[in-house]
Amino acid sequence: MGLPAILRRHSSGNLKLNSRTDTSYTVTVDPQNPDFTSVASYAHTQTVEQILSDLGTNAEDGLSKNESTRRLERHGENLLKGKDGVSAWRVLIGQVANALTIVLLAALALSFGVQDFVEGAVIAAVIVLNTTVGFFQEYRAEKTMDSLRQLSSPTALVIRNGESTAIPAKNVVPGDLVMIKDGDVVPADLRMLYVSNLEVSEQLLTGESVPVAKTIEPLDDHALEMPIGDRTNLCYSSTVVTKGRGTGVVIGTGMNTQVRCNRARIQAHHPILTPAASRTASSSSCELSSVPLTSPHAHFLFSGLRSGTPLQIKLSKLAYVLFGCAIILAIIVFSVARWNVTNEVILYAIATAIAIIPESLVAVLTLTMAVGTRHMAEENVIVRKLSALENLGGVTDICSDKTGTLTLGQMSVRSFWLAADPHKAQTYYADAGSNAIEPVGDVYKGAPNGDIVDPKNVDEALAQAVRVAALCNVATVHKNLRGEWKSTGDPTEVSLQVFATKLRMGQPSLVAGQDKPRFTLKLEFPFSSSVKKMSTIYYDREQDKYAVVMLKGAVERVLESCVAYVPNPDEPTKTAPLTEAIRSVFLAKAEELASEGLRVIALAHRYIEKTAVEGISREDTEQHCTFLALAGIFDPPRPETLGAVRACKDAGIVVHMLTGDHITTARAIAEMVEIVPRDVPKNMVMTATEFDRLSDEEIDALPELPLVIARCAPETKVRMILAAKRRGKHAAMTGDGVNDSPSLKLAPVGIAMGMAGSDVAKDASDLVLTDDNFDSIRAAVSEGRRIFTNIQRFILHLLTTNVAEVVLLIVGLVFIDRDDMSVFPLSPLGVLWVNMLTSSPPAFGLGLEAAYPDLMKRPPHPMKQGVFTWPIIIDTVVYGIVMGATCLASFVIVVYGRGNGELGSQCNHAESDECHLVFRGRSTVFATLIFEILLYALELKSFDRSMFALTPGRAFWKDWWANKVLLGSVVIGMATVVLPIYVPGFNSHVFYQTAIGWEWGIVIGMSLVFVASCELWKMARRVLLSRWVYVPRTKAVLTEESNEKA
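Sequential numbering of the sequence shown, starting at 1, is according to the UniProt record's numbering.
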């Protein structure tokens, strides 16, 4: 047997079985050329045998695991070296170039300008501390998110130790045997050993848009000057497979690939171009990014306004708007002072400017998103684009595939019907064990408990149909080295291969395993979502003059290609014309099988002369066939799917099934998982043909979009997304194939399948499901809603604090001292302490808050509003005014109630006996503000429920204890309030405060007033903001609604 035949055996799944159990045993042969880096230059001129010998690769088993580990250590990971995915400099610049730092730098300059060196030094320390802490927090968060994104990076299917296995593309080494198929991104430079209609798009390297057909024959190029585009037996890293499949041996990885060489040549001619973020060699593109031509100062000033997610951009813009407000507030302070800008006035302006900036807003957002991506990874969802975290909470519709997502993807042939005249047709039933891919169990004739079919004596009518199922098939079924049954390929094809193997007619037994195999593959036309069928052409050793065409696919498409059938299975060589009456019988049988929830696959064949094979087209191949059989394949719904669909319905999310199955099969499965009720109107279950026939106006005129679309094509998915957008819906779309990438990119949330999905689909998606499970989508939506709600929580918390400080300081302008200068109730450094040390930790704790118990009972939030809804804006103003007013009241009580109202002179930046009363008032305000901010964080555990009754029937302290980060930040924040008040020197020379005693009664009293005000507002907002606020429905309301529907 020749080497190409051996490699075809790999592609057919006939890997060496049960040959050994010690996986440390090396099957790798000694390389003839240990310098693997030089192999790539001449690989296209070598025969298959020569290149395998040079690389030391075993033709059947590939590399051993130990050898691949040694080569990985020696040659390094299969990565293109460039700048890291997360740039430390970019993060650092982002920390410096923000509104907070600009305001603080201005405050620093003014403080030194008025010779307040203590305050200036503290502000300088704050700038350094804030930048350092913010840098490390954001850098770690970015690295976390980048590492999680790497989990969705393309993989490579390699043969090691005689077993095909998927590994991260970065772990591919020289000498690996790699299997590629339609939709894959080539993980490294390959010398092809076996191809089947393989075509690869090399536009990335050569600029040619037409895919290149690949061969395996060595090329004549003794001078080694052949252009890379003409080396048709090579596939290059980062190029995309557009058609067919093949197996190749790795001749170059990482920096030894043609992608790297091209990049080096480009940089040599264009020095201004620098490599984009480091990518694996299996990335869908090798990007080059230009250095910005704008001045670095422009980038410094506007950093964050043009990059990041929509929410990050919006918050960055908000920061600069607040920076503008800080300038306005400073102008107000100067105006009140009648523009007599003294040191006192400047210090007051500094305090008001600092007060309005939410210093930690962007940092808390980044940390919250980083934690969210980690949580979603634990739920088998990899976030590729952070914008998906913002979009998930607003999802109104989910358009999901069926196979492997709503169902288990563990298909098994339940029924096999030999097509014939109505009274002569024969039905076979197959046992299915607990493991769908294990070819065990009997096949019965006539009834589930009928006569057992003897695999050694199979009727020819059944045999010729089973041979089509086995040979018109690219799936594999084999035992690994541990004796476990494994499979590769589409689950539908795997089930057909298992069924054939039960009858001892699996593909390996027909094309390999013998000195002279009966069948030899000559041509393959792969399955296409547009034609919905697949065909192969084999030479049959028992036929001298004829080749056999084998065809399988959707029933209606296969029938279109057929002109005959076998009237009597007892006479399998005799055929009759396929009349319309017989065609109707076959379609009716297919409907019957589909109504049982079975996926129905039709099988057919024909014989053509061998001389006609060369150059035959697909159209000519798939015609004039003889219809043979129908295979009924069962794929049970996942156990968790029904609950997930119900949860989505409760959450106001409509689930749509877009599947390639027959409409009857699709409807049966949709009814099982309650996507559609049994009495659903006809227009809610449609075929893709019916849907695509409608104009956009007709689709928009439908009462609702279809819940099920059968025989779905990629173009149908695109029209579905566009139709949803026109209705104002926010839809998520799943996909796994190359042709799904347009709909995945177009959808607000594109979700690729991590197990069955192609690299192109993953690259186009926002999320990747590592388990291809619909319930993971439900979990992702729930997590997205939680993140969205928590973002609203900490934004409300931070902005309320800023409003309170502004109210406190602007109204505080009325406190005039003996020098006719305003005395601030809270010093600039007190404001910094509150904003950075008091507000930030509980804000982050709010970002970790658990989801509401009824979160998935609430409708999706409107995406147009974003996080800044009217309730959030109104809450910010109300809570901020109450907080500022109570703090003002505490200052007034201390200075004017208990005290004599004497504000002294120059008490804004100096200590004296006459400032003692002002200092006590400031300490009281400082403590009151901190206590209220911390208690306010607990209040925000719920927007509408009391902090003392967060969960009905549960003690409130258990809810408080559930978020230990939040509770800990509250307790520690209250404990540290004593430092700026009681530490000698620190209180009087830095914060311009002093120790207090009886004033603690006012602190506690005002804090209680604030908490009571919050509780009253929560009750009032349900009525006053009922237009926007979600009100949980009671059991009585739900009962009334169900009675109205009945």
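We put the beta carbon where it would ideally sit given N, CA and C, even for glycine.
Give me, in chain order, the residues of the same chain whose beta-carbon lies closer than 6 Å to that of residue i; leave out the 5 immediate sequence neighbours on both sides.
| i | result |
| --- | --- |
| ALA330 | ALA349 and ALA353 |
| GLY13 | With a pLDDT of 40 at GLY13, under the threshold of 50, the modelled position of that residue is not reliable, and no figure is offered here. |
| ALA1046 | Annotation note: pLDDT 41 at ALA1046 (below 50); position unreliable, coordinate value reported separately. Contacts found: none. |
| SER209 | GLN203 |
| TYR982 | ALA995 |
Which one of the options has the shortest CA to CA distance from residue i?
| i | options | result |
| --- | --- | --- |
| GLY921 | ARG557, PRO853 and VAL1003 | VAL1003 |
| residue 1057 | ARG711, LEU813 and ALA432 | The structure shown has nothing for residue 1057, since the chain only spans 1 to 1046. |
| ILE159 | ALA59, ALA188 and GLU77 | ALA59 |
| residue 1052 | ARG786, SER905 and LEU471 | The requested residue 1052 is not part of the displayed model; the chain covers only 1 to 1046. |
| ILE398 | VAL364, ARG618 and HIS656 | HIS656 |
| PHE586 | ARG618, ASP421 and ALA670 | ASP421 |
| GLU571 | ARG414, ASP817, VAL381 and ASP459 | ASP459 |
| VAL781 | LEU799, ASP61, ILE653 and TRP833 | ILE653 |
| VAL563 | LEU628, LEU813, PRO569 and PHE956 | LEU628 |
| SER617 | LEU578, GLU524, ALA581 and SER528 | GLU524 |
| VAL895 | ILE872, HIS916 and PHE519 | HIS916 |
| TYR428 | MET192, ASN449, PRO227 and MET856 | ASN449 |
| residue 1047 | PRO703, VAL708 and ALA701 | Shown here, the chain extends from 1 to 1046; a query on residue 1047 therefore has no answer. |
| LEU658 | GLY56, GLU378, ALA106 and GLU715 | GLU715 |
| LEU1016 | VAL965, ASP875, GLY901 and GLU77 | ASP875 |
So, are the CB atoms of residue i and residue j less than 7 Å apart?
| i | j | result |
| --- | --- | --- |
| ALA724 | VAL749 | no |
| ILE251 | ASP189 | yes |
| LYS589 | VAL558 | no |
| GLY884 | ALA804 | yes |
| ASP454 | LYS445 | no |
| ASP736 | ARG384 | no |
| LEU389 | GLY784 | yes |
| LYS552 | ILE537 | no |
| MET836 | GLU359 | yes |
| LEU315 | VAL362 | yes |
| VAL91 | PHE135 | yes |
| TYR194 | GLY246 | yes |
Spatial neighbours of residue i within its chain, please: C-beta separation below 8 Å, excluding the five flanking residues on both sides.
| i | result |
| --- | --- |
| MET863 | ASN391, GLY394, HIS730 and PRO748 |
| THR26 | Caution is warranted here: a pLDDT of 43 is assigned to THR26, below 50, making its placement in the model unreliable, and the coordinate value is therefore given only provisionally. Only SER64, ASN66 and GLU67 meet the Cβ criterion. |
| GLU560 | none |
| VAL834 | THR801, GLU805, LEU826, PHE926, LEU929, ILE930 and ILE933 |
| HIS269 | Any reading at HIS269 must be qualified, since the residue scores a pLDDT of 42, below 50, and its modelled position is unreliable; the value itself is stated next. So no residue of the chain qualifies. |
| PHE117 | SER111 |
Starting from the C-beta of residue i, find all residues in its chain whose C-beta is less than 7 Å away, skip the five residues before and the five after it, and write them out in chain order.
| i | result |
| --- | --- |
| ASP221 | HIS44 and THR45 |
| residue 1057 | There is no way to answer for residue 1057, as the model of the chain reaches only from 1 to 1046. |
| PHE891 | PRO825, GLY921, THR924 and VAL925 |
| LEU408 | ASP635, PRO636 and ARG638 |
| SER912 | GLY904 |
| ALA355 | ASN802, GLU805, VAL806, LEU809 and VAL831 |
| VAL882 | PHE1010 and SER1013 |
| TRP960 | LEU938 and LEU967 |
| SER24 | Note on SER24: pLDDT 40, under 50, position unreliable in the model; no value is reported. |
| VAL685 | ILE663, ARG667, VAL676, PRO706, LEU707 and VAL708 |
For a test of your reading of the model: does the CB of residue i fall under 6 Å from any non-hydrogen atom of the ligand FAD? Yes or no.
| i | result |
| --- | --- |
| VAL336 | Although the ligand FAD was asked about, the structure shown includes no ligands whatsoever. |
- Item | Cβ pair count under 8 Å reaching 3, the region 162–173 against the region 490–510 | no
- Task: May I ask you to verify whether the region 596–609 touches the region 461–475, counting CB pairs closer than 8 Å and requiring at least 3?
- Result: Pairwise C-beta distances place the region 596–609 in contact with the region 461–475, as three or more of them are shorter than 8 Å.
- In chain order, each alpha helix (DSSP H) run of at least 4 residues that lies wholly inside the region 606–636: 618–621
- Sufficient close CB pairs (3 or more, under 8 Å) joining the region 436–456 to the region 532–546: no
- 4-residue-minimum alpha helix (DSSP H) runs that sit fully inside the region 362–429, ordered along the chain: Whole alpha helix (DSSP H) segments, 4+ residues: 387–392.
- Message: Threshold first: 4 residues or longer. Then list the alpha helix (DSSP H) segments lying entirely within the region 771–842, N to C.
- Response: 774–811 and 828–832
- Query: Is the number of C-beta pairs between the region 618–625 and the region 684–693 that are closer than 8 Å three or more?
  - Reply: no
- Task: State whether the region 926–934 contacts the region 974–985, with contact taken as three or more CB pairs (one from each stretch) at a distance under 8 Å.
- Result: yes
- Message: Below 8 Å, how does it come out for the region 806–823 and the region 905–922: are there three or more Cβ pairs, yes or no?
- Response: yes
- Let me know the alpha helix (DSSP H) ranges lying completely inside the region 917–958, each 4 residues or longer, listed in chain order. none
- Which runs of the beta strand (DSSP E), 3 residues or longer, sit entirely within the region 712–773? 731–735, 749–753 and 767–769
- At which residue ranges does the region 862–909 contain complete alpha helix (DSSP H) runs of 4 or more residues, listed in the order of the chain? List check, alpha helix (DSSP H) in window: 870–892.
- Segment contact, 8 Å Cβ cut-off, at least three pairs: the region 839–853 with the region 767–780: No, the region 839–853 does not touch the region 767–780.
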